[in-house]
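Number of protein chains: 2
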Amino acid sequence: MSIKEVARIAGVSTATVSRYLNSPEHVREKTRKKVQEAIRSTGYAPNTLARNFRRGKTSLVVVVLPSVGDPFFEGVMRGIWRVADAEGYSILIRETQFNTHEFDDYSEIVFSKQADGIILLASTSPFTSGPAERAGHGDRLPPIVIGCETVAPQLSQFPSVRVDNAAAAAEATAHLVQLGHRRIGFIAGLQASLLTRDREQGYRQAMAEAGLPVADEWIVEGRQTLDGARAAARQLLALSPRPTAIFCANDEMAMGAMHEIRRAGLRIPQDISVIGFDDIRYAEILDPPLTTVAQPTEEIGEHTMRRLCRAIDGGDIGAEPEIVPHRLVVRESTAAPPADES
Amino acid sequence: MSIKEVARIAGVSTATVSRYLNSPEHVREKTRKKVQEAIRSTGYAPNTLARNFRRGKTSLVVVVLPSVGDPFFEGVMRGIWRVADAEGYSILIRETQFNTHEFDDYSEIVFSKQADGIILLASTSPFTSGPAERAGHGDRLPPIVIGCETVAPQLSQFPSVRVDNAAAAAEATAHLVQLGHRRIGFIAGLQASLLTRDREQGYRQAMAEAGLPVADEWIVEGRQTLDGARAAARQLLALSPRPTAIFCANDEMAMGAMHEIRRAGLRIPQDISVIGFDDIRYAEILDPPLTTVAQPTEEIGEHTMRRLCRAIDGGDIGAEPEIVPHRLVVRESTAAPPADES
DNA sequence: CCGCGAATTGTAAACGTTTACATAACGTGT
DNA sequence: ACACGTTATGTAAACGTTTACAATTCGCGG
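As given, the protein sequences belong to chains A and B, one line each in that order. Everything in the first sequence is counted per the working numbering, starting at 110 for the first residue and increasing by one. Everything in the second sequence is counted per the working numbering, starting at 110 for the first residue and increasing by one.
(1) Can you check which of these residues, Glu-429(B), Glu-134(B), Ser-442(B), is closest to Arg-269(B) by C-alpha distance?
(2) Between the alpha carbons of Arg-243(B) and Arg-149(A), how many angstroms are there, rounded?
(3) Below 8 Å on the Cβ atoms is my guess for Glu-114(B) versus Thr-151(B); work out the distance and round it to an integer in Å.
(4) In chain B, which residues lie with their C-beta within 7 Å of the C-beta of Thr-125(A)?
(5) Taking all protein chains shown into account, do 16 or more other C-beta atoms lie within 10 angstroms of the C-beta of Pro-251(B), making it buried, or fewer, making it exposed?
(6) So, do the segment 197 to 213 of chain A and the segment 192 to 210 of chain B have three or more beta carbon pairs nearer to each other than 8 Å?
(7) Report the option in Arg-291(B), Gln-404(B), Ala-324(B) whose CA atom is closest to the CA atom of Leu-437(B).
(8) Across the segment 340 to 356 of chain A and the segment 367 to 381 of chain A, are there enough close Cβ pairs to call them in contact, namely three or more that are closer than 8 Å?
(9) Who are Ala-403(B)'s beta bridge partners in DSSP?
(10) For Asn-161(B), go through chain A and note every residue whose CB falls closer than 8 Å to its CB, in chain order.
(11) List, in order along the chain, the chain A residues whose C-beta lies closer than 8 Å to that of Glu-217(B)?
(12) Excluding the 5 residues flanking Ile-426(B) on each side, which residues of the same chain have their C-beta closer than 6 Å to its C-beta?
(13) Report all residues from its chain with a CB closer than 7 Å to the CB of Tyr-129(B); omit the five preceding and five following residues, and keep chain order.
(14) Under 8 Å Cβ-Cβ, which residues of chain B neighbour Ser-176(A)?
(15) Any contact of the segment 181 to 198 of chain B with the segment 184 to 193 of chain A, i.e. 3+ C-beta pairs under 8 Å?
(16) Distance, Cα to Cα, Thr-334(A) vs Ser-442(A)?
(17) Determine the closest residue to Ala-448(A) out of Ala-317(A), Ala-341(A), Gly-289(A), with distance taken between C-alpha atoms.
(18) Per DSSP, Arg-271(B) forms a beta bridge with which residues?
(19) Taking Cβ to Cβ, would you say Arg-308(A) is nearer than 8 Å to Ile-409(A)?
(20) Within 10 angstroms of its Cβ, does Glu-134(A) collect 16 or more other Cβ (buried), or is it exposed?
(21) Using the Cα positions of Val-177(A) and Phe-182(B), report the straight-line distance between them to the nearest angstrom.
(22) Looking only at its own chain, which residues have a Cβ that is under 6 Å from the Cβ of Thr-406(A), when we skip the five neighbours before and after it?
(23) Where Gly-424(B) and Arg-249(B) are concerned, what is the direct C-alpha to C-alpha distance, given to the nearest angstrom?
(24) Alpha carbons only, please: which of Thr-400(B), Thr-413(B), Arg-390(B), Ser-221(B) is nearest the one belonging to Pro-180(B)?
(25) Counting pairs of Cβ atoms below 8 Å between the segment 251 to 261 of chain B and the segment 214 to 231 of chain B, do you hit three or more?
(26) Does the segment 279 to 297 of chain B touch the segment 312 to 321 of chain B, meaning 3 or more C-beta pairs lie closer than 8 Å?
(27) In chain B, which residues lie with their C-beta within 8 Å of the C-beta of Phe-212(A)?
(28) Contact defined as beta carbons within less than 8 Å: I believe Ala-358(B) pairs with Ala-297(B). What is the distance between those atoms, to the nearest angstrom?
(29) If you draw a straight line from the alpha carbon of Gly-374(B) to that of Gly-365(B), how long is it in whole angstroms?
(30) Output yes or no for whether 8 Å exceeds the beta carbon distance between Ser-234(B) and Thr-209(B).
(31) In the segment 310 to 332 of chain A, which residues sit with their C-beta less than 8 Å from some C-beta in chain B, listed in chain order?
(32) Quick one: is Thr-167(B) near chain A, going by C-beta distance under 8 Å?
(33) For the beta strand (DSSP E) containing Phe-207(A), list its first residue and its last residue.
(34) Is the distance from the Cβ of Leu-303(B) to the Cβ of Ala-261(B) below 8 Å?
(35) Mind listing the chain B neighbours of Met-362(A)? Cutoff is C-beta to C-beta under 9 Å, in chain order.
(36) Under the rule that 16 or more other beta-carbon atoms within 10 Å means buried, what is Ala-278(A), buried or exposed?
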């Protein structure tokens, strides 16, 4: 059941069948009928493999993210899919599980035509050979767009779409400062994640601007996971004097931290304030609802994918990061510190 | 930069280059060196598109699930990936967003060689033409394995891997009954989801076995979402007398329900018990930690994918569902009903 | 140095499309 | 009915691999 067989049965050439499939308006009504009938009777289905091969296009895009099942990526993926569906792309997902992979591994995907382009929602380690060397072989830069993550200097030739993590984190920190907090802990992500490092930097900057010192022990790594954050929170709570507020580099870790705070018999926000980042869908149903920084996730996904499509089509999409707006969402997990602390 | 070019530079035939790529042990050391050098100098990367076309294999598997970002699927995907990586498959994800799609749309993916097989983690509506008709064209049944979901009668020719949802739900219900609960509410999923319907049935069965009546208004649809569950919980809490326990068809909905219970000023489990299903990673850090039914998610993923691989390779994998063990995890969200209720 | 089996390499066809180009059929105005 | 421009169809090559089969080379015992 190939196009050939259909052509034979319909009594036309393979070219005509192909045209029927791809631009029916270019085949005469009468012929169309014949081909249609032949297809129906044979149960023919076009061979996508052959078609893609011939066209030199996979119609596939790889999305690399740290972890599926992370509620944050739901919105981003939704945005990506919306554009992908419209543009005829299917999405291949790779999970890094928070390991950083070589950049080269990703560009190889494109060069070996496993996919037409790549969206990086996770950080990568610097490349060994690098896109420059590839370019030396006559290839252009592979179509890669970075979403959410801050781009490493070595990747600065690739465009990105993200919020201003540092500014947003500074804003969140300022919110706590404004409430009267002086000792603010920070549960960081992984060192490998530039994005959470930016948030840490925003925190530091806001503290500095408020003229507040930052003790080394106030910053502890939460490894981007529930358990990591719980351990981090325990460390923070054991300090004396302990922080009156904790800024978590993302909501997932805030969830872990809140649990440990409750287990320690402390009340949120009366005894200690908590603020997160991302505004995942659980943020508002936590106890208490979590103050956090919202990102326009679907928009990030859409813009990232749209930009990638243009790159695949050979358009020049530049290398500037596109910064999308964030928004501080104040809920009930933050309040003034206990009276005896002010 | 095709195999031809490499062959020319290395001074060998294309066949030899191909062999170098696919079975280096069949090419002599000296030749290997030459080819290696030619590849290095040209920066050649094999064209996966052409290779797959020639082999008649996409090396792609589609996974259909209701929603990424659902923590439950994290483990299943992990299991799928583990096997996929070992077997050389990439995973294409389709999200249904809880819409049910035609089965035909999925089998078409295989027939048109967009992928070699399909894993269904979501329910589908019955097919219009059906695999039987396809088979009439000489095709065999498309390689499809169903995971987690209960298979619809029309799909009974396809194998599945899942827990015994009805039995597990009955067990969970019995746990509540044993604690002394008589009025137990049930927040159901979507009617389209057979899996949650099985859970509902298990609940009904356990109630019946305990000789307890089930009022119609105790069962309310939570639409599988946080918001749906919140609305459902509000309905349940407005009843008089209100249930002393609520069984949620999954943990996500339990999270929504717990939030509404707290908002109503009730304590869990003192005033009302809550039990979930799935044991997602958040279950144990909820306030209070959630009693729920754990599924071996990674195992489900692994077995599903393994079975699919065998089907793709042409093996006969039968059509029997494989039932994997579940486990009731008792935490602190369930307790005896308030004293005046017993 | 010859001959023989095994190991290695080369030749060329095939996979199912798409598409440039050539050819044929159509419809229109005269 | 003719010629012409337009539109529809056919012919055949090409895409980059893999692989059956044929041809060559190798190693080695005689």
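Beta carbons: idealized from backbone N, C-alpha and C, even for Gly. All values reported here derive from a predicted model rather than from experimental measurement.
Working from what's here:
(1) This sequence places Ser at residue 269(B); Arg is not what is there. The shortest Cα separation from Ser-269(B) among Glu-429(B), Glu-134(B), Ser-442(B) belongs to Glu-429(B).
(2) Unreliable positioning characterises Arg-243(B) in this predicted model, as indicated by a pLDDT of 49, which lies under 50. A coordinate reading is not provided.
(3) 6 Å
(4) Here the premise fails: no neighbours, minimum Cβ distance about 20 Å.
(5) buried
(6) yes
(7) Gln-404(B)
(8) yes
(9) Asp-387(B), Arg-436(B)
(10) Leu-158, Phe-162
(11) Ala-154
(12) Pro-268, Arg-416, Arg-419, Ala-420
(13) Val-136, Arg-141, Val-144
(14) Glu-183
(15) no
(16) 20 Å
(17) Gly-289(A)
(18) Ile-432(B)
(19) no
(20) exposed
(21) 8 Å
(22) Gly-184, Val-185
(23) 12 Å
(24) Arg-390(B)
(25) yes
(26) yes
(27) Chain B residues near Phe-212(A): none, gap ~15 Å exceeds 8 Å.
(28) 5 Å
(29) 15 Å
(30) yes
(31) none
(32) yes
(33) Unbroken run through Phe-207(A): none, as it is neither H nor E.
(34) yes
(35) Within chain B, no residue comes near Met-362(A); the closest Cβ sits about 11 Å away, beyond 9 Å.
(36) buried
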